[in-house]
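K.L.:
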Amino acid sequence: MRAVSAAHHDASFRPVDHYENFPVASWLCPPRLKAPIAAIYWFARTADDIADEGDATAEARLADLAAYRADLHAALSGARESGRWPRVFEPLARAVRAFALPAQPLSDLLSAFEQDVEKTRDAEGYASREELLDYCRRSANPIGRLLLHLYGMGDARSLAQSDAICTALQLINFWQDASRDLPRGRFYIPAHEQLPALVAWARETMMRGAPLVHTVPGRAGWELRFVVQGGLRILDKIEAMDYATATSRPRLRAWDAPILLWRAWSM
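With the numbering used here applied, the sequence shown corresponds to residues 3 to 269, in that order.
(1) Does the segment 116-123 come close enough to the segment 176-191 that 3 or more CB-CB pairs lie under 8 Å?
(2) Would you please verify whether the beta carbon of threonine 169 is less than 9 Å from any beta carbon of chain C?
(3) Only counting runs of 4 or more residues, tell me where the alpha helix (DSSP H) segments fall wholly within the segment 138-172, in order along the chain.
(4) Using CA coordinates, which residue listed in Ala97, Ala259 and Asp50 is at the minimum distance from alanine 40?
(5) What residue range is occupied by the uninterrupted alpha helix (DSSP H) comprising threonine 48?
(6) Give the secondary structure of glycine 85 by DSSP, where H, G and I count as helix, E and B as strand, and everything else as coil.
(7) What three-state label does DSSP hand valine 26 in the structure shown?
(8) Candidates Met155, Leu200 and Ala62: which alpha carbon is nearest alanine 222's?
(9) Looking only at its own chain, which residues have a Cβ that is under 6 Å from the Cβ of proline 25, when we skip the five neighbours before and after it?
(10) Along the chain, where does the alpha helix (DSSP H) containing glutamate 206 start, and where does it finish?
(11) My output table needs one value for glycine 80: the three-state DSSP class, helix, strand or coil.
(12) Are the beta-carbon atoms belonging to phenylalanine 101 and proline 38 less than 9 Å from one another?
(13) Run the CB neighbour count on glycine 56, radius 10 Å, all protein chains shown included, and call it buried at 16 or more, exposed below.
(14) Alanine 58 to leucine 171, Cα distance in whole Å?
(15) For serine 268, count the other beta carbons within 10 Å of its own beta carbon; 16 or more makes it buried, fewer makes it exposed. Which is it?
(16) Taking the DSSP output, what are the residues bridged to phenylalanine 189?
(17) Exposed or buried, what is glutamate 83 when buried is set at 16 or more other beta-carbons lying within 10 Å of its beta-carbon?
(18) What does a CB cutoff of less than 6 Å around alanine 180 pick up in its chain, not counting 5 residues either side in sequence?
(19) Within a Cβ cutoff of 8 Å, which residues of the same chain sit near proline 32, ignoring the five residues on either side of it in sequence?
(20) Got a sec? Which residues, its chain only, sit under 7 Å from leucine 184 by beta carbon, not counting five neighbours each side?
(21) Which of the three DSSP states is assigned to leucine 254 in this structure?
(22) Is DSSP giving histidine 216 helix, strand or coil here?
(23) Quick one: grab the DSSP three-state call for leucine 263.
What follows is the structure in structure tokens.
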């Protein structure tokens, strides 16, 4: 998981621009969905910070995540939360009431954050692609499923395509951020795997989900085009640097914008 600033007890409001597993949350968002999308974002953002930020012990992080999970259950059931994270759970509770948000994706996210703490504590990596996919199923795919729920899209094909896009985004983050993750004791590249093959796998996964851009309605469909193309562009950059992400992190630059615009339009 990724984090920017510590938020063990509260969430500071700032633009939705740095939680990499959150595909659709910009100014293109329809006005009526801004509040629930922001509520989902801050739920995930704050849990991510609990798992990653600061110098707390693994045991303290897991205890905080357990308290956070208890507050999630309270928000879902209409009970009173602990009050530790009011700027997270009060908006989330409103979104649950107004949009009947499903419980399982929210719970799955917390499971992934807990796993992050445990893996880092134990200096464990991921033994196989299958183990990584199980992690992505809980760390990334729930975001897409929650967003589709808000758009009233729950058919099997759309869910599968959303899962593919979100999984690809998570995998791309892993390959992109090796220079950051490895020094922090986070090992996402499975043993006996080579980065060229993993990059190809992420690209294939993204392309499997890409047709979703044609069914997500309105402006969100256009934003999703840029999300897909942004991920693919990062893979281009990884290939261009001969896969040396253990020493340097590729990123999108201003001069990538025309390329992304053309590719998004061409979809």
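Heads up, the beta-carbon is just placed ideally off N, CA and C, and yes, glycines get one too.
All values reported here derive from a predicted model rather than from experimental measurement.
P.N.:
Quick answer:
(1) yes
(2) The question asks about chain C, but that chain is absent: this structure has only one protein chain.
(3) 143-152
(4) Ala97
(5) 33-54
(6) coil
(7) Low per-residue confidence applies at valine 26: pLDDT is 42, beneath 50, and the placement is therefore not dependable, though the value from the model is reported in the following sentence. Coil.
(8) Met155
(9) Because the pLDDT at proline 25 is just 45, under 50, the model does not fix this residue reliably, and the value given afterwards should be weighed accordingly. Around proline 25: Val229.
(10) 197-211
(11) coil
(12) yes
(13) Looking at its Cβ environment, which holds fewer than 16 other Cβ atoms inside 10 Å, glycine 56 is exposed.
(14) Whole-angstrom Cα-Cα distance: 28 Å.
(15) exposed
(16) Paired residues: Gly127.
(17) buried
(18) Thr247 and Ala248
(19) Gly220, Arg221 and Ala222
(20) Correct list, in chain order: Ala248.
(21) coil
(22) helix
(23) helix
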